[in-house]
Amino acid sequence: MAKIKKIKTKIEQIENEMKRIKLWQEEPLPPEQYDFRQAFAMDTMAFSQWLQFIFIPRVQQLVESKGPFPSESNVGVQALREMDGFYEANELVRMLSEFDQLFEIKTRKSKR
Numbered sequence: 888m889a890k891i892k893k894i895k896t897k898i899e900q901i902e903n904e905m906k907r908i909k910l911w912q913e914e915p916l917p918p919e920q921y922d923f924r925q926a927f928a929m930d931t932m933a934f935s936q937w938l939q940f941i942f943i944p945r946v947q948q949l950v951e952s953k954g955p956f957p958s959e960s961n962v963g964v965q966a967l968r969e970m971d972g973f974y975e976a977n978e979l980v981r982m983l984s985e986f987d988q989l990f991e992i993k994t995r996k997s998k999r
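Remember, my numbering sits 887 above the position in the sequence shown when you count from 1.
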């Protein structure tokens, strides 16, 4: 249960940071942008749009249903690639990397 609280808190922080640095968009995406085939929807939307319209809602759904959660996350690594040189997003990248670490801890413990 403590892990779910940490995940919920981190997702709220990520959303707030996206709004603070003006990466949150008010208008919804056109339906065709949800028809993606590549990881992180790179073929139909910007990474920040994927965070807002795919990643955050999915994590919120998992929190509400109490899982099951994935065994790992690489959203922080992708954020580092996508936001390289966008210095205003450094805090967001850090938060997304911290999100990943919530899952790495479980993976490391289970390997022992």
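All C-beta atoms, glycine included, are put in the ideal place defined by N, C-alpha and C.
Residue i to residue j span [Cα, whole Å]
| i | j | result |
| --- | --- | --- |
| residue 913 | residue 939 | 10 Å |
| residue 898 | residue 957 | 15 Å |
| residue 950 | residue 989 | 13 Å |
| residue 983 | residue 903 | 12 Å |
| residue 893 | residue 955 | 15 Å |
| residue 924 | residue 941 | 13 Å |
Burial state of residue i (16 or more Cβ within 10 Å)
| i | result |
| --- | --- |
| residue 928 | buried |
| residue 919 | exposed |
| residue 889 | exposed |
Whole-number beta carbon distance between residue j and residue i, since they are thought to touch under 8 Å
| i | j | result |
| --- | --- | --- |
| residue 936 | residue 967 | Not quite, the Cβ-Cβ distance comes to about 18 Å (not below 8 Å), so this is no contact. |
| residue 960 | residue 930 | Contact doesn't hold; Cβ gap of about 21 Å is too wide. |
| residue 908 | residue 979 | 6 Å |
From the options, residue whose alpha carbon lies closest to that of residue i
| i | options | result |
| --- | --- | --- |
| residue 970 | 905, 947, 943, 948 | 905 |
| residue 965 | 926, 889, 948, 944 | 926 |
| residue 973 | 910, 923, 955, 953 | 910 |
| residue 962 | 975, 948, 943 | 943 |
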